[in-house]
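Asks: The structure under discussion is supplied below as structure tokens; questions concerning it will follow.
There are 2 protein chains.
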Amino acid sequence: MTKGQETRRAILEQAAQVFSVRGYFGASMDDLLQATKLTKGGIYNHFASKENLALEAFDYAMELYSARFKEFLAGKRNTRDRLLAFTTLFRSVVDDPMLPGGCPVLNTAVESSDDTNPALRERAQQACDDWREFIVRTITRGAELGDVRPGTDAQAVASVMIAAVEGAMMLHKLYDDKRHMYRTTDHLVAFIESFLQEKTL
Amino acid sequence: MTKGQETRRAILEQAAQVFSVRGYFGASMDDLLQATKLTKGGIYNHFASKENLALEAFDYAMELYSARFKEFLAGKRNTRDRLLAFTTLFRSVVDDPMLPGGCPVLNTAVESSDDTNPALRERAQQACDDWREFIVRTITRGAELGDVRPGTDAQAVASVMIAAVEGAMMLHKLYDDKRHMYRTTDHLVAFIESFLQEKTL
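Protein sequence lines, in the order shown, are assigned to chains A and B. Residue numbers for the first sequence follow my numbering, so the first one is 1 and each next one is one higher. Residue numbers for the second sequence follow my numbering, so the first one is 202 and each next one is one higher.
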């Protein structure tokens, strides 16, 4: 990396932390300057606007999630292990957070409704689409392999699994209590078992 | 109501809508003035600060939830019907929203972490405590009546049910698609049946 690329990366790392805790609207330019220890000009050298910085900080935050998810998926080939990796990811996020403010998809979805920040909302939709597609694809493939009970609604499983872990992130954030995530992922493990065929158990 | 009380109530109604869509940080004084059609002085006549107004607007929003929940609970005496009323409440919130921005507990929990707004966060904790206590009390009483399978963890059920509906609210907000809430509450109905004894079915 060149010096400029290094600075850019350092700004993103710090900005991702600030936006994670304070949100897009809650994070002021002063917060960002304090965190990055740069001047306004120093930041604008690399990012055209606060919105531009927020969009790239969102992508950076999602890269952290994707990298960890990839780790948990490594070597997992069967339907059950791949679905469980998704619950393990969110359990690990409360045990060993990558960002102080929790899940960027949750934060962005709640903060950027409708007209308040359409570009950021689109990013959160895309990230959530990726998770839904992962779950739907895993179940569809699992059904073809005979791992999944006939009649299992892959889209419904995706909605339930994502709703449950994101709501548990909210409870974790609200109470600073990991038990909500533990209980919710335990429930999802039982749910996953309920639509798998015996042979994969 | 006196004229003053009427104005106060009208400010709260409008402010609750604004905070619901824009959040505490996202809502500017200009947004509040535009919505209430009042001057700054007109608002400050009734509320000491934006924070004070936000706290009371939160209470007002939760009153709307409580009133509707009470309707759904009316005449429901058995364990199953009372637990299902909680899922019906959230299903109704996407079918017939009381506020444009979704659930105030979700919005506040996500926006007011830690040091950013402790008073508002405490309000959201209290509201969420009320829901948890309702679920725990219903299950504990149900276990005494023989309606609930032995070994059912009431606290775990409360975490799972609240996480699921709040996460479904997030998905509904993100995609503007009610199906996430329908699928999630359908799942919760099946979950509730799974820990009830045959006799209440």
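For glycine and all other residues, C-beta sits at the position ideal for the given N, C-alpha and C.
Excluding the five sequence neighbours on either side, which residues of its own chain have a C-beta within less than 8 Å of the C-beta of serine 194 of chain A, listed in chain order?
Replies: Locating residue 194 of chain A in the first sequence gives position 194, counting from the first residue. There are no such residues.
Asks: State yes or no: is the beta carbon of serine 159 of chain A nearer than 7 Å to at least one beta carbon in chain B?
Replies: Position 159 of the first sequence, counting from 1, holds the residue named residue 159 of chain A. Cβ-Cβ to chain B under 7 Å: yes for serine 159 of chain A.
Asks: Applying the criterion that 16 or more other CB atoms from any shown protein chain within 10 Å of the CB defines a buried residue, is glutamine 218 of chain B buried or exposed?
Replies: The residue labelled residue 218 of chain B in the question sits at position 17 within the second sequence. With 16 or more other Cβ atoms within 10 Å, it is buried.
Asks: Compare the C-beta of threonine 184 of chain A with all C-beta atoms of chain B and state if any pair is closer than 7 Å.
Replies: Translated into the one-based positions of the first sequence, residue 184 of chain A becomes position 184. Cβ-Cβ to chain B under 7 Å: yes for threonine 184 of chain A.
Asks: Let's see if you can read the secondary structure: which residues bound the alpha helix (DSSP H) around glutamate 13 of chain A?
Replies: The sequence position of residue 13 of chain A within the first sequence is 13, counting from 1. First-last of the alpha helix (DSSP H) with glutamate 13 of chain A: 3 to 26.
Asks: Return the chain-ordered list of same chain residues with a C-beta closer than 8 Å to the C-beta of threonine 353 of chain B, the five sequence neighbours on each side being excluded.
Replies: Counting from 1 along the second sequence, the entry for residue 353 of chain B is found at position 152. Closer than 8 Å at the Cβ level, and outside the excluded window around threonine 353 of chain B, lie Ile340, Ala344 and Phe396.
Asks: Taking CB distances under 7 Å as the criterion, tell me whether valine 295 of chain B reaches chain A.
Replies: By 1-based counting over the second sequence, the position of residue 295 of chain B is 94. No, no contact with chain A.
Asks: Among all the DSSP beta bridges, which residues are the ones paired with leucine 274 of chain B?
Replies: Mapped onto the second sequence, residue 274 of chain B falls at position 73. Paired residue(s): none; leucine 274 of chain B is not in a bridge.
Asks: If contacts are defined as beta-carbon pairs under 8 Å, then alanine 369 of chain B and histidine 381 of chain B qualify, I think. What distance do you get, rounded to the angstrom?
Replies: As a working mapping, residue 369 of chain B is identified with position 168 in the second sequence. As a working mapping, residue 381 of chain B is identified with position 180 in the second sequence. Correct: roughly 5 Å between the Cβ atoms.
Asks: Can you tell me whether leucine 196 of chain A is helix, strand or coil according to DSSP?
Replies: Working through the first sequence from its first residue, we reach residue 196 of chain A at position 196. Strand, per DSSP.
Asks: Counting only beta-carbon atoms, is threonine 288 of chain B nearer than 7 Å to chain A?
Replies: As a working mapping, residue 288 of chain B is identified with position 87 in the second sequence. Output row for threonine 288 of chain B: interface = no.
Asks: State buried or exposed for serine 28 of chain A, treating a residue as buried only when at least 16 other CB atoms are found within 10 Å of its CB.
Replies: Position 28 of the first sequence, counted from the start, is the residue given in the question as residue 28 of chain A. The residue in question, serine 28 of chain A, is exposed, as its Cβ has fewer than 16 Cβ neighbours within 10 Å.
Asks: Give me the Cα-Cα distance between phenylalanine 287 of chain B and threonine 184 of chain A, rounded to the nearest whole angstrom.
Replies: One-based indexing of the second sequence puts residue 287 of chain B at position 86. One-based indexing of the first sequence puts residue 184 of chain A at position 184. Looking at the two C-alpha atoms, the distance is approximately 17 Å.
Asks: When the Cα atoms are used, what is the spatial distance from leucine 402 of chain B to glutamate 13 of chain A?
Replies: Counted from its first residue, the second sequence places residue 402 of chain B at position 201. Counted from its first residue, the first sequence places residue 13 of chain A at position 13. Unreliable positioning characterises leucine 402 of chain B in this predicted model, as indicated by a pLDDT of 46, which lies under 50. The coordinate reading is nonetheless provided below. Between leucine 402 of chain B and glutamate 13 of chain A, the C-alpha separation is close to 53 Å.
Asks: Only counting the same chain, and skipping five residues up and downstream in sequence, which positions put a Cβ closer than 6 Å to that of valine 295 of chain B?
Replies: Locating residue 295 of chain B in the second sequence gives position 94, where the first residue counts as 1. Closer than 6 Å at the Cβ level, and outside the excluded window around valine 295 of chain B, lie His373, Lys379 and Met382.
Asks: Could you tell me which chain B residues have their CB closer than 7 Å to the CB of arginine 22 of chain A, listed as they occur along the chain?
Replies: To locate residue 22 of chain A, count along the first sequence from 1; it is residue 22. Neighbours of arginine 22 of chain A on chain B, chain order: Thr317.
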